[in-house]
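Let me begin by presenting the structure, written as structure tokens, before commenting on it.
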Amino acid sequence: MMRTTIERMAGAAGREAELCGWVYNKRSSGKIRFLIVRDGTGIMQVVITKPELMETFDRLTQESSLVVSGKVRADSRSPGGFEMEATSLEALQIAGDYPITPKEHGTAFLMENRHLWLRSQKQWAIMRVRAEIIRACRDFLDDNGFLLVDTPIFTPAACEGTTTLFETAYFEDKAYLTQSGQLYNEATAAAFGKVYCFGPTFRAEKSKTRRHLTEFWMIEPEMSFAGLDDAMQLAEDFLYFIVQRVLENRQPELAVLQRDVEKLRRITRPFPRLSYTDAVEILRKEGNEIEWGGDFGSPDETVLSARFDSPVMVHRYPSAVKAFYMKPDPQNPDVALCVDVLAPEGYGEVIGGGQRIDDSELLRSRIAAHQLPEESFRWYVDLRRFGSVPHAGFGMGIERATAWLCGIEHIRETIAFPRTIYRIYP
Ligand code: 4AD
Ligand code: MG
Numbered sequence: 005m006m007r008t009t010i011e012r013m014a015g016a017a018g019r020e021a022e023l024c025g026w027v028y029n030k031r032s033s034g035k036i037r038f039l040i041v042r043d044g045t046g047i048m049q050v051v052i053t054k055p056e057l058m059e060t061f062d063r064l065t066q067e068s069s070l071v072v073s074g075k076v077r078a079d080s081r082s083p084g085g086f087e088m089e090a091t092s093l094e095a096l097q098i099a100g101d102y103p104i105t106p107k108e109h110g111t112a113f114l115m116e117n118r119h120l121w122l123r124s125q126k127q128w129a130i131m132r133v134r135a136e137i138i139r140a141c142r143d144f145l146d147d148n149g150f151l152l153v154d155t156p157i158f159t160p161a162a163c164e165g166t167t168t169l170f171e172t173a174y175f176e177d178k179a180y181l182t183q184s185g186q187l188y189n190e191a192t193a194a195a196f197g198k199v200y201c202f203g204p205t206f207r208a209e210k211s212k213t214r215r216h217l218t219e220f221w222m223i224e225p226e227m228s229f230a231g232l233d234d235a236m237q238l239a240e241d242f243l244y245f246i247v248q249r250v251l252e253n254r255q256p257e258l259a260v261l262q263r264d265v266e267k268l269r270r271i272t273r274p275f276p277r278l279s280y281t282d283a284v285e286i287l288r289k290e291g292n293e294i295e296w297g298g299d300f301g302s303p304d305e306t307v308l309s310a311r312f313d314s315p316v317m318v319h320r321y322p323s324a325v326k327a328f329y330m331k332p333d334p335q336n337p338d339v340a341l342c343v344d345v346l347a348p349e350g351y352g353e354v355i356g357g358g359q360r361i362d363d364s365e366l367l368r369s370r371i372a373a374h375q376l377p378e379e380s381f382r383w384y385v386d387l388r389r390f391g392s393v394p395h396a397g398f399g400m401g402i403e404r405a406t407a408w409l410c411g412i413e414h415i416r417e418t419i420a421f422p423r424t425i426y427r428i429y430p
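At position 52 of the sequence shown the residue is numbered 56 (the working numbering), and the sequence of numbers has no breaks.
Here you go:
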């Protein structure tokens, strides 16, 4: 007999098939019993009428594992559009009292049981959107001439500021967990032209917000012979592609999440572009107390993004609030050639990037001014000594993008096992 999955059930319509899964729910109606089975790819109703299967049905508890086979038929009332009429039913393991029941649980309880919570429909939908986003990122970059070159996790120095570094023992020495692959991307971009890296990144974020994790995944393209405008154009095309892919391939998941997909459909190119200076002007008119020179907080980002249906690209922040490697704008050296892309609906910054300093002397003075260890950055300065070129790129946090596209409040549900200042279990 053919074993199939719920996702592929259409291929078994009208025939006998075998399904392996877990009990999501069960109910009876007169002499008929209904099992709602989940198999990881979806959920489906199994109808049981045979008297010899009743004893097994009665023993099955929520999350018990099972193998069922039977005739598959289309049924528009069943989730997924198909149901199975069971001819055999085998329990693999009868689950004990499952802690997560259909009643409401608090977030602390659910987080403590994250290893089980992942089996719930909402979490299923979020993880599947996340995987689609990652696939879209890879497809877009692979198909547009970017070479995947992975960058190290153990690093000798900071990339995004020394206040959020995780230090770890490294034999007789010490090392830091990477905050971003960017500096290494700059080396590989000079070796391979257009590159990207994708991996976990770490920040000792001591603030407890709904947007920050201590371990998150970042995808970072970097281009040689490119400037800020090229990075902005790439960010626009990249994000637009991801949104279209999710709309195309993840409708059932977005429906489970009750995502207002109209808001995603309204996203159009070109994305609005706004200088930091103009953004400050807007914020002050709206009553936010911000002085030119300060970084934006999330209330500022929310006000700015609320003005547009599409992501807004805020460029040219004051150099003083940004990372050491950013190239100053030749028109006004107080601002950097950088961009933050703010997602609509108040989801905040999803992308940060820009053009890098390509002059070795300026770079050395910035490293010194930021009191970074000169020795650890020798290789990085070298890149400006041997065929230096204008180059630019950005990083997108996978979890920020997932929270936005899923329309969920808190970033902790966008990764299977979130790491935050207060959580490292399970
Ligand atoms: O803006 P960030 O700090 O930029 C960089 O790290 C650059 N070196 C990237 C580059 O140019 N190659 O981080 C980039 C993105 C942010 O826009 C956000 O989406 C995400 O990474 N991010 C976080 N996501 C979750 N938790 C955190 N603590 C995050 N910090 C940044
Ligand atoms: Mg940033």
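Virtual Cβ for every residue (Gly too), placed ideally from N, Cα, C.
Simplified DSSP state of residue i, which is helix, strand or coil
{"i": "R368", "result": "helix"}
{"i": "Q432", "result": "Nothing in the structure corresponds to residue 432, since the chain is present only between 5 and 430."}
{"i": "S80", "result": "coil"}
{"i": "N189", "result": "helix"}
{"i": "A129", "result": "helix"}
{"i": "H319", "result": "strand"}
{"i": "S392", "result": "coil"}
{"i": "G46", "result": "coil"}
{"i": "C163", "result": "coil"}
{"i": "D154", "result": "coil"}
{"i": "M400", "result": "strand"}
{"i": "Y384", "result": "helix"}
{"i": "Q237", "result": "helix"}
{"i": "K198", "result": "strand"}
{"i": "D338", "result": "strand"}
{"i": "G15", "result": "helix"}
{"i": "N253", "result": "helix"}
{"i": "K289", "result": "helix"}
Residue i vs residue j beta-carbon contact at 8 Å
{"i": "A173", "j": "S228", "result": "no"}
{"i": "T168", "j": "R207", "result": "yes"}
{"i": "F38", "j": "Q49", "result": "yes"}
{"i": "P276", "j": "E240", "result": "no"}
{"i": "T218", "j": "R423", "result": "yes"}
{"i": "I130", "j": "T418", "result": "yes"}
{"i": "G356", "j": "A235", "result": "no"}
{"i": "L187", "j": "Y426", "result": "no"}
{"i": "R215", "j": "I36", "result": "no"}
{"i": "R132", "j": "E257", "result": "yes"}
{"i": "P348", "j": "S302", "result": "no"}
{"i": "R360", "j": "M330", "result": "yes"}
{"i": "V153", "j": "F196", "result": "yes"}
{"i": "E293", "j": "E353", "result": "no"}
{"i": "A226", "j": "H395", "result": "Here residue 226 turns out to be Glu, not Ala, going by the sequence shown. Result yes, Cβ atoms of E226 and H395 sit closer than 8 Å."}
{"i": "L409", "j": "V247", "result": "yes"}
{"i": "T463", "j": "T182", "result": "The question about residue 463 has no answer, for the chain in this structure spans 5 to 430."}
{"i": "R42", "j": "Y28", "result": "yes"}
{"i": "G74", "j": "M88", "result": "yes"}
{"i": "F150", "j": "K198", "result": "yes"}
{"i": "S184", "j": "T205", "result": "yes"}
{"i": "E224", "j": "N189", "result": "yes"}
{"i": "A372", "j": "L122", "result": "no"}
Nearest residue (CA-CA) to residue i, options the options
{"i": "V389", "options": "I371, L367, R270", "result": "A small fix is needed here, since residue 389 is Arg in this sequence, not Val. The residue with the shortest Cα to Cα distance from R389 is L367."}
{"i": "L261", "options": "A14, I98, T406, L70", "result": "T406"}
{"i": "P322", "options": "L387, D282, R416, A99", "result": "D282"}
{"i": "V307", "options": "G297, K289, G298, Y28", "result": "K289"}
{"i": "K267", "options": "G350, I223, L238", "result": "G350"}
{"i": "M317", "options": "L232, F421, E293, I412", "result": "L232"}
{"i": "V339", "options": "K326, P83, A347, D363", "result": "K326"}
{"i": "F328", "options": "V345, L376, I104", "result": "L376"}
{"i": "G46", "options": "K198, T8, I294", "result": "T8"}
{"i": "A78", "options": "E67, P106, R31, R19", "result": "R19"}
{"i": "E379", "options": "I271, S309, A162", "result": "A162"}
{"i": "D101", "options": "M222, R63, G401", "result": "R63"}
{"i": "Q66", "options": "P106, D333, P334", "result": "P106"}
{"i": "G391", "options": "L122, M115, D362, Y200", "result": "D362"}
{"i": "I412", "options": "E108, Q127, D177, S32", "result": "Q127"}
For residue j and residue i, believed in contact at Cβ under 8 Å, the rounded distance
{"i": "V76", "j": "A17", "result": "5 Å"}
{"i": "L145", "j": "V72", "result": "Not really, about 42 Å apart at Cβ, beyond 8 Å."}
{"i": "C342", "j": "R370", "result": "Not quite, the Cβ-Cβ distance comes to about 14 Å (not below 8 Å), so this is no contact."}
{"i": "S69", "j": "W26", "result": "5 Å"}
{"i": "R269", "j": "L251", "result": "7 Å"}
{"i": "A14", "j": "V51", "result": "Actually they do not touch by this definition, with Cβ atoms about 18 Å apart."}
{"i": "E403", "j": "F242", "result": "Actually they do not touch by this definition, with Cβ atoms about 16 Å apart."}
{"i": "I98", "j": "N117", "result": "Not really, about 19 Å apart at Cβ, beyond 8 Å."}
{"i": "G401", "j": "M222", "result": "6 Å"}
{"i": "L387", "j": "A179", "result": "Between A179 and L387 the Cβ distance is about 21 Å, and since that is not below 8 Å, they are no contact."}
8 Å Cβ cutoff, residue i in contact with chain C
{"i": "R132", "result": "Note that chain C does not occur in the displayed structure, where there is just one protein chain."}
>> Beta-carbon distances below 6 Å to any heavy atom of the ligand MG define the shell here; list its residues in chain order, please.
In response: D344, E353, G356
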